[in-house]
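One structure below.
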Amino acid sequence: MTDAQPASARPVTVAYQGNPGAYGEIAALNAHPHAAARGYPTFHEVLDAVTRGECQLGVIPVENSLMGAILQSVDLLLETDLHVVREVTVRVSHAVMVMPGVRLGDVKRVYSQQPALDQCTTFLRKHALTPVTAHDTAGSAKELSARGSLDEGVIASARAAELYGLEVLERGIEDEPFNFTRFMVLSPQEPVPSDEPHKTSVVFAVRHTPGFLLETLAQLKGLNLSKIESRPRKDRAWSYLIYIDIEGDARDPQVALALAGVLRKASFAKIIGSYPRALEAIES
Numbered sequence: 065m066t067d068a069q070p071a072s073a074r075p076v077t078v079a080y081q082g083n084p085g086a087y088g089e090i091a092a093l094n095a096h097p098h099a100a101a102r103g104y105p106t107f108h109e110v111l112d113a114v115t116r117g118e119c120q121l122g123v124i125p126v127e128n129s130l131m132g133a134i135l136q137s138v139d140l141l142l143e144t145d146l147h148v149v150r151e152v153t154v155r156v157s158h159a160v161m162v163m164p165g166v167r168l169g170d171v172k173r174v175y176s177q178q179p180a181l182d183q184c185t186t187f188l189r190k191h192a193l194t195p196v197t198a199h200d201t202a203g204s205a206k207e208l209s210a211r212g213s214l215d216e217g218v219i220a221s222a223r224a225a226e227l228y229g230l231e232v233l234e235r236g237i238e239d240e241p242f243n244f245t246r247f248m249v250l251s252p253q254e255p256v257p258s259d260e261p262h263k264t265s266v267v268f269a270v271r272h273t274p275g276f277l278l279e280t281l282a283q284l285k286g287l288n289l290s291k292i293e294s295r296p297r298k299d300r301a302w303s304y305l306i307y308i309d310i311e312g313d314a315r316d317p318q319v320a321l322a323l324a325g326v327l328r329k330a331s332f333a334k335i336i337g338s339y340p341r342a343l344e345a346i347e348s
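For the sequence shown, the working numbering begins at 65 and goes up steadily by one.
Pasting the structure below:
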């Protein structure tokens, strides 16, 4: 008779949006040392799965280094009561894949999610391929495998080709090599304090008064802001939310004092999370 598996070594189910082989699945599998990934159709369903306890963690993409903020995710972070416990950065490396035996010259159409198609325009033009927008990258690979079409290709991760029995014709076809997607890992539980380098994310709004935004930002003087972005509010026309990432832990006295100053000045504010930041990108 074997000993029971320690709780720390038991699989932790991590929800992500998409099908197996998606970049979100790659993030999910790296969100915890013992992660088991489970895909859902939408970001909303990812968060619902974690909230209901169906999954212990969830990952949603919040920013791509080429395309900018993923606005739907930013909006969801404002609405959820889940806690950001970590970030994961995935190096997005696109591959073009086909049914086994198909040559690139046979391919007429290439399916993928619109951002992936946009990131591979040079390759598509060079080979006179017609881009066709699909719901997601890995889902396109799954569907091609089911159709068995010999004049179609897909842009997705090389992992998707392995999972669905497709053949990779070329890897790294994205226009720019500096292509990374940042994911936030969400949990019902607050993050366990650690000495790892942290990032703190906060969203706030201020009164529409001259100089008031500058006064609020002045509360963050002396801190390293790795991101600052304005976002239209959904509940008020011509009013904006300011999204800021601070390098540092909210428990640090300087960061805590700055956040308190922002909270005093802001008409609305939410600390999205203070969490260990990704120090290295995961290869896809």
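C-beta: ideal position from N, C-alpha, C; glycine also.
The structure presented is a predicted model; accordingly, all values stated were derived computationally and were not measured.
With distance defined between alpha-carbon atoms, name the residue in the options nearest to residue i.
{"i": "alanine 159", "options": "Leu230, Pro75, Glu151, Val76", "result": "Leu230"}
{"i": "arginine 173", "options": "Phe242, Lys298, Ala198, Gly325", "result": "Ala198"}
{"i": "lysine 190", "options": "Asp239, Pro274, Thr144", "result": "Asp239"}
{"i": "valine 256", "options": "Ser338, Ala210, Thr245, Arg328", "result": "Ser338"}
{"i": "glutamate 344", "options": "His147, Thr201, Phe107, Val152", "result": "Val152"}
{"i": "proline 179", "options": "Tyr104, Leu250, Ile134, Gln120", "result": "Ile134"}
{"i": "alanine 324", "options": "Gln283, Leu278, Lys298, Ser176", "result": "Gln283"}
{"i": "leucine 281", "options": "Leu111, Val110, Ala330", "result": "Ala330"}
{"i": "glutamine 177", "options": "Ala101, Asp309, Val218", "result": "Val218"}
{"i": "aspartate 200", "options": "Pro164, Leu193, Gly103", "result": "Gly103"}
{"i": "isoleucine 308", "options": "Thr144, Ser265, Phe107", "result": "Ser265"}
{"i": "tyrosine 228", "options": "Gly236, Ala210, Ala192", "result": "Ala210"}
{"i": "tyrosine 175", "options": "Leu193, Gln318, Gly117, Val166", "result": "Leu193"}
Does the beta-carbon of residue i have 16 or more other beta-carbons within 10 angstroms, so that it is buried, or is it exposed?
{"i": "glycine 286", "result": "exposed"}
{"i": "phenylalanine 242", "result": "exposed"}
{"i": "proline 97", "result": "exposed"}
{"i": "glycine 203", "result": "buried"}
{"i": "glutamate 216", "result": "buried"}
{"i": "alanine 301", "result": "exposed"}
{"i": "lysine 263", "result": "buried"}
{"i": "serine 258", "result": "exposed"}
{"i": "glutamate 89", "result": "buried"}
{"i": "leucine 305", "result": "buried"}
{"i": "leucine 321", "result": "exposed"}
{"i": "alanine 101", "result": "buried"}
Taking the CB atoms as reference points, tell me whether residue i and residue j lie closer together than 7 Å.
{"i": "valine 267", "j": "lysine 334", "result": "yes"}
{"i": "tyrosine 87", "j": "valine 156", "result": "yes"}
{"i": "arginine 341", "j": "proline 274", "result": "no"}
{"i": "serine 348", "j": "valine 154", "result": "yes"}
{"i": "phenylalanine 247", "j": "alanine 91", "result": "yes"}
{"i": "proline 195", "j": "leucine 208", "result": "no"}
{"i": "valine 76", "j": "alanine 99", "result": "yes"}
{"i": "leucine 168", "j": "leucine 214", "result": "no"}
Using the Cα positions of residue i and residue j, report the straight-line distance between them to the nearest angstrom.
{"i": "lysine 206", "j": "asparagine 83", "result": "8 Å"}
{"i": "phenylalanine 276", "j": "isoleucine 336", "result": "22 Å"}
{"i": "arginine 74", "j": "alanine 224", "result": "26 Å"}
{"i": "glutamate 226", "j": "glycine 132", "result": "29 Å"}
{"i": "glutamate 279", "j": "valine 162", "result": "56 Å"}
{"i": "serine 221", "j": "glutamate 254", "result": "32 Å"}
{"i": "lysine 63", "j": "cysteine 119", "result": "Nothing can be reported for residue 63: it is not among the residues displayed for the chain, which extend from 65 to 348."}
{"i": "asparagine 351", "j": "leucine 142", "result": "This structure does not reach residue 351, given that the chain is present from 65 up to 348, and the question cannot be answered."}
{"i": "alanine 79", "j": "leucine 111", "result": "8 Å"}
{"i": "glutamate 109", "j": "asparagine 128", "result": "21 Å"}
{"i": "glycine 212", "j": "aspartate 139", "result": "38 Å"}
{"i": "threonine 115", "j": "phenylalanine 332", "result": "24 Å"}
{"i": "proline 105", "j": "glycine 85", "result": "14 Å"}
{"i": "threonine 66", "j": "histidine 147", "result": "Confidence is the limiting factor: at threonine 66 the pLDDT is only 46, short of 50, which leaves the residue's position unreliable, though a coordinate-based value still follows. Rounded to whole angstroms, threonine 66 to histidine 147 spans 36 Å at the Cα level."}
{"i": "leucine 250", "j": "aspartate 145", "result": "10 Å"}
{"i": "serine 137", "j": "glutamine 81", "result": "11 Å"}
{"i": "glycine 117", "j": "phenylalanine 107", "result": "16 Å"}
{"i": "proline 317", "j": "leucine 327", "result": "15 Å"}
{"i": "leucine 130", "j": "isoleucine 237", "result": "15 Å"}
{"i": "histidine 272", "j": "proline 296", "result": "13 Å"}
{"i": "valine 171", "j": "arginine 235", "result": "16 Å"}
{"i": "proline 252", "j": "isoleucine 346", "result": "25 Å"}
{"i": "valine 319", "j": "asparagine 288", "result": "10 Å"}
Say whether chain D places a C-beta atom closer than 7 Å to the C-beta of residue i.
{"i": "lysine 263", "result": "Chain labels in this structure do not include chain D; a single protein chain is all it has."}
Taking 6 Å as the cut-off, is the beta-carbon of residue i closer than that to any non-hydrogen atom of the ligand SAM?
{"i": "leucine 230", "result": "The model on display carries no ligand, and the ligand SAM is accordingly not part of it."}
Sufficient close CB pairs (3 or more, under 8 Å) joining the region 309-328 to the region 113-124 = no
Is the region 281-295 in contact with the region 183-195, if contact means three or more CB pairs nearer than 8 Å?
-> no
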